[in-house]
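Residues in the sequence shown are numbered from 92 upward in steps of one, following the numbering used here.
The beta-carbon is built from N, C-alpha and C at its ideal position, and this holds for glycine as well.
Contents: one structure, followed by commentary.
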Amino acid sequence: MNPSPWHAQILTLFPEMFPGPVGSALAGRALADGLWKLDVLNIRDFAMDKHRTVDDTPYGGGAGMVMKPDVVAAALRGAEAQFGRAARRIYLSPRGRVLDQLLVEELAAVPSVLLLCGRYEGIDQRVLDAEGLEEVSLGDFVLAGGEVAAMTLIEACTRLIPGVMGNAQTVDEESFTQGLLEYPHYTRPPVWEGHEVPEVLISGHHEKVRVWRQRQAEALTSLRRPDLWAKWKKVEKR
Ligand code: 4GY
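In structure tokens, the structure reads:
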């Protein structure tokens, strides 16, 4: 079948968290069908001492523990020995480039990504610098570890892989409105607890529906996300 499907390599202290949500629904079906591949390595397997120590106290003092550079480096080299060097090697952290659909498209388009998941206070800076890892953030908040961020990134990428989504048109239409928030959706019944579906959607006039949806997307974006609206207008897509 597909000889080299999109490959996600995970380095984590909590391998049992995977595949998690990406093992379900369309992404899970696609994983089972070999449309993409997931490998999870336990960072603890690369510890060097009999206690399998992965963390140590921070130089300079302070709360919490820091993941040891030698162990993380051994895990990175272990992944490389097993799978070859991933096209993009990413540390999930609030200090990184904020993930957006443009970055998701970039990452979905390469053969492989390695996602390094930190825990505790994080990873010794020297291994991140020496290995030249890219940092990616989901946003301005702090998770307990990188695992859920890695799953989020994988879910966003795998749904762009041809054959993963049930309805291929959904992704197409999405890129049409790229940069705007989605218009509102409705289904039956036409009246629910006294609330009606917008008349135009029932009319059967496809062009009117298209224009209405575009206007809705623009109105919603300008109201709720002035940052996206400013970008959209600057790019001048219409
Ligand atoms: N935000 N975006 C995020 C995060 C947890 C300690 C370093 C984020 O991506 N990851 O908050 N990660 C921390 C936990 C180690 C990562």
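Would you mind working out which of the options sits nearest residue i, comparing C-alpha positions?
i: residue 292; options: 279, 284, 285; result: 279
i: residue 100; options: 110, 147, 286; result: 110
i: residue 179; options: 289, 284, 227; result: 227
i: residue 124; options: 299, 92, 136; result: 92
i: residue 94; options: 118, 127, 105; result: 127
i: residue 193; options: 269, 143, 140; result: 269
i: residue 355; options: 133, 121, 98, 97; result: Here the chain covers residues 92 to 329 and nothing more, so residue 355 does not appear.
i: residue 152; options: 189, 130, 171, 212; result: 212
i: residue 130; options: 143, 148, 169; result: 169
i: residue 274; options: 322, 118, 314, 219; result: 314
i: residue 163; options: 188, 142, 216; result: 216
i: residue 147; options: 320, 214, 296; result: 214
i: residue 102; options: 187, 205, 172; result: 205
i: residue 250; options: 117, 305, 208, 105; result: 117
i: residue 276; options: 305, 252, 171; result: 305
i: residue 203; options: 248, 286, 235, 223; result: 248
i: residue 312; options: 188, 218, 324; result: 324
i: residue 145; options: 105, 115, 120, 112; result: 105
i: residue 98; options: 326, 210, 122, 114; result: 122
i: residue 209; options: 135, 150, 257; result: 135
i: residue 167; options: 302, 218, 257, 113; result: 218
i: residue 172; options: 137, 191, 299; result: 137
i: residue 321; options: 297, 112, 272, 225; result: 272
i: residue 223; options: 256, 245, 187; result: 187
i: residue 190; options: 246, 149, 142; result: 246
i: residue 300; options: 309, 289, 282; result: 289
i: residue 236; options: 207, 119, 326, 308; result: 207
i: residue 140; options: 149, 294, 255, 161; result: 161
From what residue to what residue does the alpha helix (DSSP H) around residue i run?
i: residue 319; result: 317-326
i: residue 197; result: 192-199
i: residue 214; result: Where residue 214 is concerned, there is no enclosing alpha helix (DSSP H), given that its DSSP letter is neither H nor E.
Check for me: the beta strand (DSSP E) holding residue i runs from which residue to which?
i: residue 180; result: 179-189
i: residue 234; result: Neither: residue 234 is in no beta strand (DSSP E) and is coded neither H nor E.
Which partner residues of residue i appear in the DSSP bridge assignment?
i: residue 115; result: Residue 115 is not bridged to any residue.
i: residue 99; result: 129, 204
i: residue 228; result: 189
i: residue 282; result: 287
i: residue 146; result: 158
Would you say the beta carbon of residue i is closer than 7 Å to some non-hydrogen atom of the ligand PLP?
i: residue 99; result: This structure lacks the ligand PLP; the ligands present are the ligand 4GY.
Is residue i close to chain B? Criterion is C-beta to C-beta, closer than 8 Å.
i: residue 325; result: Of the chains in the structure shown, none is chain B; there is only one protein chain.
Practice item. May I ask you to verify whether the segment 156-173 touches the segment 192-201, counting CB pairs closer than 8 Å and requiring at least 3? Key: Result no; under three Cβ-Cβ pairs closer than 8 Å.
Review point. Are there three or more Cβ pairs, one per stretch, closer than 8 Å when the segment 229-239 is compared with the segment 171-178?
Key: Three or more beta-carbon pairs separated by less than 8 Å are not found between the segment 229-239 and the segment 171-178, which leaves the two stretches without contact.
Review point. Are three or more beta carbon pairs between the segment 236-243 and the segment 180-187 nearer than 8 Å?
Key: In the pairwise beta carbon analysis, the segment 236-243 is classified as touching the segment 180-187: at least three pairs are separated by under 8 Å.
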